[in-house]
Amino acid sequence: MTATAALAAGFADPVHDAQGCFRTVMNAMARPGTLQVLGQTHLTPPAPLTPAAAAIALTLFDYDTPVWLDKQLAQSESVKAFLRFHTGAPIVSEPVEAAFALIADPANMLPLASFNQGSTEYPDTSTTLILTGQNLNNADGVVLEGPGIKDTQTFETAPVPQVFWDQVISNNAQFPRGVDLIFAGTDTIAALPRSTSVTLKEA
Numbered sequence: 001m002t003a004t005a006a007l008a009a010g011f012a013d014p015v016h017d018a019q020g021c022f023r024t025v026m027n028a029m030a031r032p033g034t035l036q037v038l039g040q041t042h043l044t045p046p047a048p049l050t051p052a053a054a055a056i057a058l059t060l061f062d063y064d065t066p067v068w069l070d071k072q073l074a075q076s077e078s079v080k081a082f083l084r085f086h087t088g089a090p091i092v093s094e095p096v097e098a099a100f101a102l103i104a105d106p107a108n109m110l111p112l113a114s115f116n117q118g119s120t121e122y123p124d125t126s127t128t129l130i131l132t133g134q135n136l137n138n139a140d141g142v143v144l145e146g147p148g149i150k151d152t153q154t155f156e157t158a159p160v161p162q163v164f165w166d167q168v169i170s171n172n173a174q175f176p177r178g179v180d181l182i183f184a185g186t187d188t189i190a191a192l193p194r195s196t197s198v199t200l201k202e203a
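Take the sequence shown: its position 172, counted from the start at 1, is 172 in my numbering, and no numbers get skipped.
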């Protein structure tokens, strides 16, 4: 690991860029399944951390947000150094301990039930999962209903495990408990909060 890789640059304008990214993430959460353009993707983080995921991390992570990394990310000392240096977030080894989880290999990700589901009294202590490298589409796929959606919204993303949407349906049935999901593409993101109802489209 070189010093250059470990200290890859963060936001050029930390306050302005973080504010812009935060608004984008909040808009995605407020309007589940809609594609939101992320303007802060000029970053060059160490692989396999993507620019979009790095921007979200620099915006949401801090000293009080334990972060879990999947195997691909955890194997990179440069990624861990980048996150520690720019965010101060502690990196934990158990997914249930994490406030955020970064997933570089969504096709082989752990089941959603492996992460902190929150409690009835404190549902906001659940994990928010950030799935990277996503191909996002809101024209087909599952059907979404719930807060922030007028009538219904269709949504599709890949790669995800074959059983992913069944897991999402089970996750959202726990509301107010359950994990939240952020899908990060190249320069767009989408989100599914645990309050969103998901229905599989009939074949």
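For each residue, glycine too, the CB sits at the ideal point set by N, CA and C.
Sequence-distant residues of the same chain with beta carbon closer than 8 Å to residue i, five excluded per side
i, result
"Ala9", "Leu43, Thr44"
"Gly20", "Gly39, Gln40"
"Ser119", "Thr125, Arg177"
Sheet register partners of residue i (DSSP bridge)
i, result
"Gln167", "The partner list for Gln167 (beta bridge, DSSP) is empty, contrary to what the question assumes."
"Ile91", "Val67"
"Asn137", "Glu156"
"Ala190", "Phe183"
"Val37", "Thr188"
"Thr199", "Val143"
"Phe100", "Val67, Thr128"
Nonlocal neighbours in the same chain, by C-beta distance under 6 Å from residue i, ignoring five residues either side
i, result
"Thr2", "In this predicted model, Thr2 has a pLDDT of only 45, less than 50, meaning its place in the structure is not dependable enough to derive any value."
"Phe175", "Arg194, Ser195"
"Ala54", "Leu43, Pro45"
"Pro51", "Thr41, Leu43"
"Val37", "Thr188"
"Val79", "Pro46, Leu49, Leu73"
"Leu181", "Leu129, Leu192"
Rounded C-alpha distance that separates residue i from residue j
i, j, result
"Val67", "Glu94", "9 Å"
"Ala57", "Gly141", "27 Å"
"Phe155", "Leu110", "21 Å"
"Trp145", "Leu7", "Looking at the sequence shown, residue 145 is not Trp but Glu. Computed Cα separation, rounded: 42 Å."
"Val15", "Gln75", "30 Å"
"Thr59", "Ala18", "5 Å"
"Val163", "Pro106", "12 Å"
"Pro161", "Arg23", "29 Å"
"Glu77", "Phe11", "20 Å"
"Pro131", "Pro32", "The sequence given here has Leu at residue 131, not Pro. Rounded to the nearest angstrom, the two C-alpha atoms are 15 Å apart."
"Asp151", "Asn138", "14 Å"
"Ser170", "Ala158", "19 Å"
"Gly185", "Gly133", "5 Å"
"Phe210", "Asp13", "Within the shown structure, residues of the chain are numbered from 1 to 203, placing residue 210 beyond reach of any answer."
"Asp70", "Ile149", "31 Å"
"Val143", "Gln153", "6 Å"
Minimum Cβ-Cβ distance from residue i to chain C less than 7 Å
i, result
"Ala184", "Absent here is chain C; the protein component of the structure consists of one chain."
Same chain, Cβ closer than 7 Å to residue i, five either side skipped, listed in chain order
i, result
"Phe115", "Pro95, Val96, Ala98, Ala101, Thr127, Leu129, Val179"
"Pro147", "Ser195"
"Gln117", "Ser126, Gln174, Arg177, Gly178, Val179"
"His86", "Gly10, Leu58"
"Leu35", "Leu136, Asn138, Thr188, Ala190"
Of the residues the options, the one placed nearest residue i, counting alpha carbons only
i, options, result
"Ile103", "Thr65, Gln72, Pro14", "Gln72"
"Asn172", "Val198, Phe183, Gln162, Ala184", "Val198"
"Asp166", "Gly39, Thr50, Leu69, Lys201", "Lys201"
"Leu136", "Thr152, Phe22, Phe183, Ala81", "Phe183"
"Asp124", "Thr65, Leu69, Val37", "Thr65"
"Asp62", "Pro48, Ala47, Ile91", "Ile91"
"Val168", "Asn108, Leu112, Gln36", "Leu112"
Cβ-heavy atom distance, residue i to the ligand MN, below 6 Å
i, result
"Ala52", "The ligand MN is not part of the structure shown, which contains no ligands of any sort."
Q.
Taking contact to mean 3 or more Cβ pairs, one atom from each stretch, closer than 8 Å, check whether the region 28-36 and the region 183-190 are in contact.
A. yes
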